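Chains as they are written, first to last, in the working numbering: chain A, 74 to 581; chain B, 74 to 581; chain C, 74 to 581; chain D, 74 to 581. Every residue gets a Cβ at the ideal spot worked out from N, C-alpha and C, and that includes glycine. Note that the coordinates shown come from a computational prediction; the quantities given were computed from them, not determined experimentally. Worksheet: the structure to be examined is printed underneath.
4 protein chains.
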Amino acid sequence: MLSNKKKYIVNGNSGIKAQIQFADQKQEFNKRPTKIGRRSLSRSISQSSTDSYSSAASYTDSSDDETSPRDKQQKNSKGNSDFCVKNIKQAEFGRREIEIAEQEMPALMALRKRAQGEKPLAGAKIVGCTHITAQTAVLMETLGALGAQCRWAACNIYSTLNEVAAALAESGFPVFAWKGESEDDFWWCIDRCVNVEGWQPNMILDDGGDLTHWIYKKYPNMFKKIKGIVEESVTGVHRLYQLSKAGKLCVPAMNVNDSVTKQKFDNLYCCRESILDGLKRTTDMMFGGKQVVVCGYGEVGKGCCAALKAMGSIVYVTEIDPICALQACMDGFRLVKLNEVIRQVDIVITCTGNKNVVTREHLDRMKNSCIVCNMGHSNTEIDVASLRTPELTWERVRSQVDHVIWPDGKRIVLLAEGRLLNLSCSTVPTFVLSITATTQALALIELYNAPEGRYKQDVYLLPKKMDEYVASLHLPTFDAHLTELTDEQAKYLGLNKNGPFKPNYYRY
Amino acid sequence: MLSNKKKYIVNGNSGIKAQIQFADQKQEFNKRPTKIGRRSLSRSISQSSTDSYSSAASYTDSSDDETSPRDKQQKNSKGNSDFCVKNIKQAEFGRREIEIAEQEMPALMALRKRAQGEKPLAGAKIVGCTHITAQTAVLMETLGALGAQCRWAACNIYSTLNEVAAALAESGFPVFAWKGESEDDFWWCIDRCVNVEGWQPNMILDDGGDLTHWIYKKYPNMFKKIKGIVEESVTGVHRLYQLSKAGKLCVPAMNVNDSVTKQKFDNLYCCRESILDGLKRTTDMMFGGKQVVVCGYGEVGKGCCAALKAMGSIVYVTEIDPICALQACMDGFRLVKLNEVIRQVDIVITCTGNKNVVTREHLDRMKNSCIVCNMGHSNTEIDVASLRTPELTWERVRSQVDHVIWPDGKRIVLLAEGRLLNLSCSTVPTFVLSITATTQALALIELYNAPEGRYKQDVYLLPKKMDEYVASLHLPTFDAHLTELTDEQAKYLGLNKNGPFKPNYYRY
Amino acid sequence: MLSNKKKYIVNGNSGIKAQIQFADQKQEFNKRPTKIGRRSLSRSISQSSTDSYSSAASYTDSSDDETSPRDKQQKNSKGNSDFCVKNIKQAEFGRREIEIAEQEMPALMALRKRAQGEKPLAGAKIVGCTHITAQTAVLMETLGALGAQCRWAACNIYSTLNEVAAALAESGFPVFAWKGESEDDFWWCIDRCVNVEGWQPNMILDDGGDLTHWIYKKYPNMFKKIKGIVEESVTGVHRLYQLSKAGKLCVPAMNVNDSVTKQKFDNLYCCRESILDGLKRTTDMMFGGKQVVVCGYGEVGKGCCAALKAMGSIVYVTEIDPICALQACMDGFRLVKLNEVIRQVDIVITCTGNKNVVTREHLDRMKNSCIVCNMGHSNTEIDVASLRTPELTWERVRSQVDHVIWPDGKRIVLLAEGRLLNLSCSTVPTFVLSITATTQALALIELYNAPEGRYKQDVYLLPKKMDEYVASLHLPTFDAHLTELTDEQAKYLGLNKNGPFKPNYYRY
Amino acid sequence: MLSNKKKYIVNGNSGIKAQIQFADQKQEFNKRPTKIGRRSLSRSISQSSTDSYSSAASYTDSSDDETSPRDKQQKNSKGNSDFCVKNIKQAEFGRREIEIAEQEMPALMALRKRAQGEKPLAGAKIVGCTHITAQTAVLMETLGALGAQCRWAACNIYSTLNEVAAALAESGFPVFAWKGESEDDFWWCIDRCVNVEGWQPNMILDDGGDLTHWIYKKYPNMFKKIKGIVEESVTGVHRLYQLSKAGKLCVPAMNVNDSVTKQKFDNLYCCRESILDGLKRTTDMMFGGKQVVVCGYGEVGKGCCAALKAMGSIVYVTEIDPICALQACMDGFRLVKLNEVIRQVDIVITCTGNKNVVTREHLDRMKNSCIVCNMGHSNTEIDVASLRTPELTWERVRSQVDHVIWPDGKRIVLLAEGRLLNLSCSTVPTFVLSITATTQALALIELYNAPEGRYKQDVYLLPKKMDEYVASLHLPTFDAHLTELTDEQAKYLGLNKNGPFKPNYYRY
């Protein structure tokens, strides 16, 4: 958890929280005192972060009118009006983005191909609630190609790419989403997906748990026909485990958040690239020779450290866990306490999943021009609130870049106000999203086709063999050729030739 | 100045050579038919590339009116009107950019500090013609602090940051430059710098040779008072060597293009970072596992290869020079001919300084989605012209990104239309510019203060000791502590304790 | 213990499985026809590999006489004769080796220090059967310092360092071991440890399971007083799990083979260094530019690949597992089938844990001078037997290096006859052994002090907290400073401030 | 020949110096007050270092008798007795070593092949004085294949591999050399090469200048027929420049020491590998997490730093030259003064070419177990003499490894007594030697075939084109495919299609 998908930022800001909580939440949604804590109640991607899904995101926005989509009458070119998007006329732009995304999502395209004969999702009626981006669109259209009917809402009020939503609507998908929904819009959209005359979902694909929650609250009877839930976020998974613990989970659920491929890609490999990207786009700084302290040496920290070291930065690491600390040592990083280096470093990066890792005291001691940013969890790692005091001046110098100025003229450079740098200030490579999307598709197929009794009313991890299958679908991208075991070798190793190849505890 | 690198390779092509000689060559300056065309004669910074000087470059542009600056009456807050910029009111924005730049230009700031007693440029009257950016502003204000009077024009019709120009004008610098000058504006601005009642330059700082050319042509008598020329671009240096060869150079000139620090920084270290930055900003691609061919293993190629290898790409190299080829081998890259890998690579990067390295035939054979870009020389390396044929469709998908589509649907992704990727699609770190600017400042000081006879009417390299001094001024940025030789050691090595420390042929 | 790695993969091959079960299996222990044969049943350390424990190993060997230690009357300087070693007079040499080892085993020395007040092993009577090296000696003397009485035999007939055994005997440890024991000697030594008048062990420290087996077979009643078994090898652990499954395990056992630190250190970090060391010592080859194929991308393969890439080799990887394959891709290695590159590579390295990965057919196709070696499992990975055919000539060119010559003159260079390169041709860093030894000591302490009922008659993994403790004891070596959680942070994360810090499934 | 600089250990020990000086040296050999200073007078490879040329070096040594070769009557199998080696019967062992070396010296083998028609050295009578190793043998036999007659002596009294010398004698080469020559033997051998009835050399291949000196002194008339000298060592080159300056050089001489390929390979690439090898073979230490300070960031230092960083060490750098210092910063190393880190580092490595870089004061402050070694110049960098004081105890723990023990028990680990680690404790890869040997062969061909007047009585560098040719001959080893310029490209670049491709000042 400490980990990844940090992405789906959760924050404790009561205003935003309010927006997606209910007056009368059931109790299980109120009791989250522990580990994950408050942050699991709501998710929100800050407005700024939405820029980053695609560099092309905003090219038609300025021409948008201000009428609420709910008040518009729109039809797609086939006369269909079962959708609600910002502007159906933007469909062509969105289609191009989808086509670009398709090129980097080979696994989903392969699934489509394989499904030309059999339709593993024939009969599936999927209701989904995710970020609506070009990559999601490729997933949705793949689900369609596999035989499913889909209805879709956004899981975040800011993250929808209007052009992509339009393209989906134009293609006949009932999509209910736009960028800048109000709290009320948000639930209205979800409801429009679920509450349909003559159509009832039998599968749920959720990201954050809001859709699941809505059905629990408003249409509990629907669960009688639902074969399963596929949930992808830390928050949503946590909610499901809570339900399960409380004995209230009434269908099987698949936790796709903890698959190996997803974890390694989203964290180690993705952060290795996005730390550089995020810092460059915001500060144009040179990495060579810079002194950097990375707080936390989990997968995210490992990725950040490897990249910065490779670019010629001198990297220090802080850790609380002696095992990760020893890894940092063996990988060639000085393990320090933050205090020991805070006066000398040029950059401070948090990747701990913890809170108040960088305190006001640290901030006070940083040298002039020090850059401070967060690659870890939510916006809790840097105590940004402590900087909102009268003697400090804030100066926004660029989008996502603030100078905080001390009375003596010292400035620190705060990126994304302490929110996730990679989500706010860089893009997430499509290829990474492809892995997640493929995992989701396979989880849907698995749950939908599983024989009665294979899955009970509990939360499951994707079988390792499917994890391996997701990986194998991505190998052709790299023109990578897998070796097959001979019968003799398989016997020698005691393995099935088709996998799974490792015990569950294997660490990769 | 941005004109970086070995790029501006001197070459024997008679057409180009002609263009940069200038015995009686009016036709040269008259034939500048298109926007890009004009400037590409000497340093090809395309319009698009100007975006990249600073991420903050454009934030006030949209509010600009369309009146030509030459037709405006503007005064700075002290009532001074000896300047011509887009809009003096933007001065405050520009000042902030300058202040940010100052933080990464420690060497110039150190020079200012040291000059508080003695003013090594007291009495110097410097006329300058360079890109006008925040970094140039720091240089100009440093020259001022060292005692010089300056007048300045832009060396490129597109690259001026209007806000910075405004800030300089507000501070009292006679600056004549704006973004989007016409050909006529260009020479008018230069002339306004030189042709002043009661002021005559005694030093020239040039980037590209246009200012020098103008004085040669229009005010040859001025050279009587001019103590020297400092020139920074390959093109301008080449022009000076031509003049020298022809016996027409009438003052000493300093070639600051070939200093070690400049070359290693501008090429190896800078490209190591900008190749990643340029590719990310344009394509959001993931580097891990991608197959890349880098054409050319000079300093630029070495930087690109090192960075991509570090990010997990599989890199192939092509070379014509067996020594560089052997280095590529020892550094762990497969040395291939382009034909051998062209069908399989995901990215093609040229860094050769050559022409037609990537031909239409290569382009025809690339796989779908292959990215093609140039980090080397001008826009000659990829035969982009060969793609302008009727059967291919061009689709601009983002700024600086074109899809070129074959009849069978294959697309290649062409970046910056084959112009320099790092200049067009990423920013140049201030720190790198700092090294160049410091070298320029020291060259001015050296020429201005050199005793009669030290320099003749010839082109000189900066003395190695000064090169070492530039480097030493940048060490404090890294909190780097140099060791001093003991007397005994200096004697043993036969070196002066203060350097120079290496023979001229040392390769670093 | 040296028996490193995942290597000792548990497998379903019934032949092998049988051999390490031991219900009524006298024939197993009787069939040990050849020197190597005998021991290779459990842990295959070949004779040659024993050279490598320490570069200093052999300096006194040549002066040894040929009398069997069993026939000698030896006393240490205090008149004690309860031991049997090669030559007690070598004690001083051994002591120096032990002292050198102590310097790189800081964790054990720290344990000694902490135990000055409390003696956590007071009353413990430990019988041990491990390799007898300087590192083991540090462990034994640490156990002594912690309050234990120890008696010790060797787990391998070749691996004993006679000088070290002498030093231990001189210090009063009843040690029964020498280099070059016969089969009969082997069991005699074990028996002398166990079968003592007036002393009965209450703890077992085993490496391979032979000691445990002997007690099961000969003195089953001893288990009444035995509090637990600590076992470190894959083979021994497998035997224990078999006993447990069969309901025959009558005391708790601790599997110290699968701790994180041990696995990561023994495999990833250790192999990263020893692949280079082993290749250099045997072939003096240059790594730069060489083409290498590494079969298998588990921890061992990852270490080999990282090191060779860093030294400028071009590395290809083969894999059967798509997840590891995808990791190889993302880390920048071409994933191939062995056949695709076998003709072009300069080095072939196996790290799969599998058998016949390199077949005669592959060997036939390798190019002249190709180097073939194994870093993986036992000696099964390369089909060395297939090279024992009349048309091929074997030429031993150096110790551990054979040229196998084809009729057409082609040679391949086979290292260590396909046995483990790092064990045969390089040394294992003391620091790595320190981690294992510390884990063993802590496991003994844990089992010995555990309250009644904490552990049942089953096989346990060391609690994660102890794993973390082992790591923390090694941090001072690196002058590494761990950060402590604040109360507030611990609460936020739902963690105890002293760990454990990660869930059991965490992958590191 | 073994190449470079640092290696050819010079020492001021008067005993050894005496051994290769003359009573009545001419004055030019006495005046060497400057840069290179005293160290150029003599060279000696310490006995220990000779072990390292080949791991196989010593396998027949123990059986050698003690009779001086000069007193033996030996004939080869063809009845020829014009040689003097230790034992002609060892020829077969030597031949095998030569054959192994041939495999890694592809360029020389290629030269042999190309010379099958024309014999570019037909008529050449070459007298040589170099280390006599398998690699030299490949060079000599190549010269023979190119048409030359050769006579050879050793340039060092310890470095001869007796078996190789025997193999050469068996093949008919008049070789006069053995391991362990006396001073008198040394000059006797040289004289036997030169002073022959009916044979007079017309080319000299020298390594260190002793042969050249001998001819100058004893047979000055020989120079009338000598076409040129090829000299490879720093020392010998320095002597030649002295002669040239003094107007006493009477034939052209070729300095093959400063070619690009030689410098980059011998230093950067070779040291990158040998620093690891040397440390492992002597100390078996683990690199991961170790703190290392590398003194000097020239090519050797760059190689050491890159390798250690890649293995997970934390590396600090000291420098006196600000340009190299800035490179160290950009490459990611903290630049410090030695004093700042001397208390904390685990390893100190000198690569400066300077003297007393590590002083007694530094040694006093090092922590326990710190390893100290030299990769730079001679044995001057570490002030080893300062450790020869009564209060310190020296303990030789392994070959080339001393513990120096302070009164308080602190030990430092001194490798090779401060002489060159790579020469003393690791082997030099044949491939590196191949580059030097090829350069020597080409220099001989060039001088021998140059038309009258091309070379005067001066010291020359090998033409860049030949440097490039040497490189090109080594590319096939890596299956590397060079790209050829098209006519159009060559014209554009103003280059000849066959090179040279770079200006002389190019830095690579």
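**Prompt:** Given that a residue counts as buried once 16 or more other Cβ atoms are within 10 Å of its Cβ, and exposed if not, what is Arg-116(C)?
**Reply:** On the third sequence, residue 116(C) is found 43 positions in, with the first residue counted as 1. Because the pLDDT of Arg-116(C) is 27, which lies under 50, any placement of that residue in the model is unreliable, and the question is left without a value.
### Query
Taking any Cβ of chain B, which residues in the stretch 157-173 of chain A have a Cβ under 8 Å from it, in chain order?
Within the stretch 157-173 of chain A, those residues whose Cβ lies closer than 8 Å to any Cβ of chain B are, in chain order, Arg-169 and Ile-173.
- [ ] Spatial neighbours of Ala-221(B) within its chain, please: CB distance less than 6 Å, with the 5 preceding and 5 following residues excluded, ordered by chain position.
- [x] Locating residue 221(B) in the second sequence gives position 148, counting from the first residue. Only Leu-194, Ala-197 and Ile-199 meet the Cβ criterion.
Beta-carbon proximity of Val-474(B) to Ile-455(B), cut-off 7 Å: In the second sequence, counting from the first residue as 1, residue 474(B) sits at position 401. In the second sequence, counting from the first residue as 1, residue 455(B) sits at position 382. The Cβ atoms of Val-474(B) and Ile-455(B) lie no closer than 7 Å to each other.
- Item | Gly-282(A) to Glu-490(C) span [Cα, whole Å] | Taking the first sequence and counting its residues from 1, the one referred to as residue 282(A) is at position 209. Taking the third sequence and counting its residues from 1, the one referred to as residue 490(C) is at position 417. Between Gly-282(A) and Glu-490(C), the C-alpha separation is close to 58 Å.
If you measure from the beta carbon of Gly-385(B) to each beta carbon in chain C, is any gap under 7 Å? Locating residue 385(B) in the second sequence gives position 312, counting from the first residue. For Gly-385(B), the answer is yes, since a Cβ of chain C falls inside 7 Å of its Cβ.
- Can you give the Cα-Cα distance for Val-388(A) and Ile-422(A), rounded to whole angstroms? Along the first sequence, read from residue 1 onward, the residue named residue 388(A) stands at position 315. Along the first sequence, read from residue 1 onward, the residue named residue 422(A) stands at position 349. Looking at the two C-alpha atoms, the distance is approximately 10 Å.
Check: Leaving out the 5 sequence neighbours to the left and right, which residues in its chain are closer than 7 Å to Pro-480(C) when beta-carbon positions are compared?
Finding: For the purposes of this step, residue 480(C) is taken as the residue at position 407 of the third sequence. Counting only Cβ-Cβ distances below 7 Å, and skipping sequence neighbours, we find Glu-464.
Review point. So, is the C-beta of Asp-404(B) closer than 7 Å to a C-beta in chain C?
Key: The sequence position of residue 404(B) within the second sequence is 331, counting from 1. Chain C, which has a Cβ nearer than 7 Å to the Cβ of Asp-404(B), makes this yes.
Check your understanding: Going by DSSP, what residues sit across from Trp-272(C) in a beta bridge?
Key -> Against the third sequence, residue 272(C) aligns to sequence position 199. DSSP lists Val-269(C) as partners of Trp-272(C).
Exercise for the section: Could you spell out where the beta strand (DSSP E) holding Leu-548(B) opens and where it closes? Expected result: Position 475 of the second sequence, counting from 1, holds the residue named residue 548(B). Per DSSP, Leu-548(B) belongs to no beta strand (DSSP E) and is neither H nor E.
| message | Please list, in chain order, the residues of the stretch 334-362 of chain A that have any C-beta partner in chain D closer than 7 Å. | response | Gly-361 and Gly-362
- Using a Cβ-Cβ cut-off of less than 9 Å, list which residues of the stretch 491-524 of chain B approach chain A; keep chain order. Ser-499, Thr-500, Val-501, Pro-502, Thr-503, Phe-504 and Val-505
Please report whether the beta-carbon of Arg-407(C) lies at a distance below 7 Å from any beta-carbon of chain B.
Counted from its first residue, the third sequence places residue 407(C) at position 334. Output row for Arg-407(C): interface = yes.
Ser-442(C) at chain D interface by Cβ criterion, 7 Å:
Reading the third sequence from its first residue, position 369 is the one you call residue 442(C). Judged by the 7 Å Cβ criterion, Ser-442(C) is in contact with chain D.
Just the Cα atoms here: how many angstroms apart are Pro-395(A) and Thr-500(B)? As a working mapping, residue 395(A) is identified with position 322 in the first sequence. As a working mapping, residue 500(B) is identified with position 427 in the second sequence. The straight-line gap from Cα to Cα measures roughly 40 Å.
### Task
Answer with yes or no whether the minimum CB distance from Gln-146(C) to chain D is below 7 Å.
Mapped onto the third sequence, residue 146(C) falls at position 73. Closer than 7 Å: no.
Problem - Which of helix, strand or coil DSSP assigns to Ile-251(D) - result: For the purposes of this step, residue 251(D) is identified with residue 178 of the fourth sequence, where counting begins at 1. Per the sequence shown, residue 251(D) should be read as Trp rather than Ile. The answer is coil: DSSP assigns Trp-251(D) none of H, G, I, E or B.
Worksheet entry | beta strand (DSSP E) segment containing Tyr-389(A), residue limits | Working through the first sequence from its first residue, we reach residue 389(A) at position 316. Note, Tyr-389(A): beta strand (DSSP E), 387-391.
| field | DSSP state of Trp-287(D) mapped onto helix, strand, coil | value | Your numbering for residue 287(D) matches position 214 in the fourth sequence. Here Trp-287(D) sits in helix by DSSP.
Put Lys-198(B) into one of helix, strand or coil per three-state DSSP. In the second sequence, counting from the first residue as 1, residue 198(B) sits at position 125. Strand.
* To do: Drop a sphere of 10 angstroms on the beta-carbon of Thr-140(D), count the other beta-carbons inside from all chains shown, and report buried for 16 or more, exposed for fewer.
  => What you label residue 140(D) is simply residue 67 of the fourth sequence in a count that begins at 1. Exposed is the call here.
Could you tell me which whole beta strand (DSSP E) segments of length 3 or greater appear in the stretch 296-329 of chain D? 301-304 and 326-328
Does the beta-carbon distance from Ala-55(C) to Val-158(C) come in below 7 Å?
An answer regarding residue 55(C) cannot be provided, because it is not within the stretch 74 to 581 covered by chain C.
Just the chain C side, please: which residues come within less than 7 Å of Lys-382(B) by C-beta, in chain order? Your numbering for residue 382(B) matches position 309 in the second sequence. Result: Gly-405.
What's the C-alpha gap between Val-505(A) and Gly-449(A)?
-> Locating residue 505(A) in the first sequence gives position 432, counting from the first residue. Locating residue 449(A) in the first sequence gives position 376, counting from the first residue. Val-505(A) and Gly-449(A): Cα-Cα distance of roughly 17 Å.
- Item | Check whether Cys-402(A) and Ala-326(C) have beta carbons under 7 Å apart | Working through the first sequence from its first residue, we reach residue 402(A) at position 329. Working through the third sequence from its first residue, we reach residue 326(C) at position 253. Contact: no.
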